[in-house]
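Top to bottom, those sequences are chains A and B.
Under the working numbering, think of the first position of the first sequence as 1, with each following residue one higher.
Under the working numbering, think of the first position of the second sequence as 229, with each following residue one higher.
Take a look at the structure set out below.
Number of protein chains: 2
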Amino acid sequence: MTRELAVVLVSGGLDSAVTTAIAGQRYRLAMLHLNYGQRTERRERQAFQDLANFFAADQTLVVDVGHLAQIGGSSLTDPAIEISHADLESVEIPSSYVPFRNANLLAVATSWAEVISASHIFVGAVDEDSSGYPDCRREFYDAFEAVITAGTRPNTHVRIETPIIQLKKSQIVARGAELGVPFELTWSCYQNEEQACGVCDSCAFRLRGFHKAGIVDPIEYVERPEYS
Amino acid sequence: MTRELAVVLVSGGLDSAVTTAIAGQRYRLAMLHLNYGQRTERRERQAFQDLANFFAADQTLVVDVGHLAQIGGSSLTDPAIEISHADLESVEIPSSYVPFRNANLLAVATSWAEVISASHIFVGAVDEDSSGYPDCRREFYDAFEAVITAGTRPNTHVRIETPIIQLKKSQIVARGAELGVPFELTWSCYQNEEQACGVCDSCAFRLRGFHKAGIVDPIEYVERPEYS
């Protein structure tokens, strides 16, 4: 019997790579990458392609959703807003928050899932130990599943899977290591495309996760913070 | 006191024009038009601009969401799928259904609403007397409101208004006439950009609505069906 197909949202970062590995254990992979005008778009797309090759995706789709940059409001897409350096203890929503980004990405993923008859959408969202984005919580995904049920054809049933949402970054690294995720192919930095900066939110969480997992992050950094 | 701002999704058709008139009675208007690769994109955009001028919009935004055409699955965006002629009695979902289109449009509208601090999103969706799209029912919009609450900043509160969702097309025409909507500026045809075809789903519902309202549709048609 042919395995069911799952759409996996893959930015090219650590979390989405581990999520892809988890999805690939049970489903054929339809890997979806979205360019939303982020500063590191070119580098992320390369990471996506490298991961799609590694995981032997059945189908891939790269979609431009440039309207998020056009609408603005985030340091990730608006050069006029400074990228905030990580404050790992802060509970504030950082400047890199793209308003309602994940709903835009999920809407695209659902349209594709309906057309290719995929049964699941996998998202590498992380709530615990994350940057405090409001659209990274499971209740957001539960609400979105209800929208899918209400807004698609009666015979379309798509579930949203968030297998790492409750994991800490160090647990994600450990899980990825168990599953043989090629960390060297991933890209997480919000700031640079050549060598990861080591100080933006995303680099800082990633490096702390590797540190706590006792694993060395194989990619190169301009600067690696010291951990006590 | 300055009026609150409302984002209005405006295709340029009859329903969105009447919805804009309703929204404009209470709110300042932020009119949003989305090109999603539909065949009549150029003509719809002209209708949008004409309506934005007529209603003196505070802000306008035109966004390309070409990925819906890229994903495919609808006769509206895929030239390989034939536009079905209207069957006004059918309960089937027509070939012009774009998978999960309205969720994509609402996600964009919500991102914009959050950035410009709009309090409402107006959508000219019609359930009664409509073409049977699954994402035109109020339950879909209620579900989406829950996603907005779960997925935006804690101080963002956006309500989705669907003021004509329960009206029949003839009632929408009558309401538009009361409000002085410039029907001659609107465009509804799915097929043509020069002269409306008169036979696609959208033309057929529009013409029947005007007929039942006892009002003459001021735009020109290649063919006007006879009503008994």
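Idealized CB from N, CA, C, for every residue including glycine.
Going by DSSP in three states, H120 of chain A sits in which element: helix, strand or coil?
strand
Nonlocal neighbours in the same chain, by C-beta distance under 6 Å from I376 of chain B, ignoring five residues either side:
T338 and V386
Pull the bridge partners of H33 of chain A from the DSSP assignment, please.
A:V62
Compile a chain-ordered list of the residues in the stretch 192-208 of chain A whose CB is closer than 7 Å to at least one CB of chain D.
Structure shown: chain D not included; protein chains present are A and B.
From the beta carbon of S111 of chain A, is the nearest beta carbon of chain B less than 8 Å away?
yes
My guess is that L260 of chain B and W340 of chain B are in contact by the Cβ rule of under 8 Å, so how many angstroms apart are they, rounded?
6 Å
Over what stretch of residues does the alpha helix (DSSP H) that includes I250 of chain B continue unbroken?
L242 to G252
Are the stretch 378-397 of chain B and the stretch 405-418 of chain B touching, with three or more C-beta to C-beta distances below 8 Å?
no
Option nearest Y455 of chain B by Cα separation, candidates B:I349, B:H439 and B:P446:
Comparing Cα positions, the closest option is B:H439.
Provide the residue span of the beta strand (DSSP E) that contains A234 of chain B, from first to last.
L233 to L237
E220 of chain A: first and last residue of the uninterrupted alpha helix (DSSP H) it sits in:
Taken as a continuous stretch (DSSP letters only), E220 of chain A belongs to no alpha helix (DSSP H), as it is neither H nor E.
Pull up the DSSP beta-bridge partners for R159 of chain A, would you.
A:H120
Verify the CB distance criterion: does A353 of chain B have a CB-CB separation below 8 Å to chain A?
no
Within 8 Å of any Cβ in chain B, is that where the Cβ of T60 of chain A sits?
no
For Q70 of chain A, go through chain B and note every residue whose CB falls closer than 8 Å to its CB, in chain order.
L289 and V291
Quick one: Cα of F283 of chain B to Cα of V7 of chain A, how far?
42 Å
Taking Cβ to Cβ, would you say E448 of chain B is nearer than 8 Å to Q419 of chain B?
no
Would you kindly report the start and end of the unbroken alpha helix (DSSP H) that includes D50 of chain A?
E41 to F54
What residue range does the alpha helix (DSSP H) around E422 of chain B cover?
Here E422 of chain B belongs to no alpha helix (DSSP H), and DSSP marks it neither H nor E.
Looking only at its chain, what residues have a beta carbon closer than 6 Å to the beta carbon of G173 of chain A, apart from the 5 residues adjacent to it on each side?
Correcting the residue type first, residue 173 of chain A is Val in the shown sequence and not Gly. So the qualifying residues of the chain are G209, F210, A213 and I215.
Taking 8 Å as the threshold (beta carbon to beta carbon), is G265 of chain B in contact with chain A?
By this cut-off, G265 of chain B is not an interface position.
For P446 of chain B, tell me which candidate among B:R381, B:S416 and B:A371 has the shortest Cα-Cα distance.
B:S416
Assuming R365 of chain B and A150 of chain A make a contact with CB atoms under 8 Å, what is their CB distance in whole Å?
7 Å
Report yes if the C-beta distance between A297 of chain B and N330 of chain B is below 8 Å; otherwise report no.
no
So the candidates are B:F328, B:Q253, B:Y361 and B:I349; which of them puts its Cα closest to the Cα of V238 of chain B?
B:I349
Hey, does V115 of chain A have any beta-carbon neighbour from chain B nearer than 8 Å?
yes
Measuring only the C-alpha atoms, how far is Y255 of chain B from S244 of chain B?
15 Å
State the Cα-Cα distance for the pair D142 of chain A and P453 of chain B, rounded to the nearest angstrom.
46 Å
Name, please, each residue of chain B whose Cβ falls closer than 7 Å to the Cβ of E139 of chain A.
A378
CB contact check: V336 of chain B to chain A, cutoff 8 Å
yes
Residue burial classification, G404 of chain B (beta-carbon count within 10 angstroms, cutoff 16):
buried
Got a sec: is the Cβ-Cβ distance from R381 of chain B to anything in chain A below 8 Å?
yes
Let me check understanding here. Comparing Cα to Cα, which of B:S398, B:V290 and B:F368 lies closest to Y264 of chain B?
B:V290
I want to see whether chain B comes within less than 8 Å of P218 of chain A, judged by CB atoms only; does it?
no
Cα-Cα separation, F205 of chain A to K169 of chain A
7 Å
Nonlocal neighbours in the same chain, by C-beta distance under 7 Å from L105 of chain A, ignoring five residues either side:
L9 and L34
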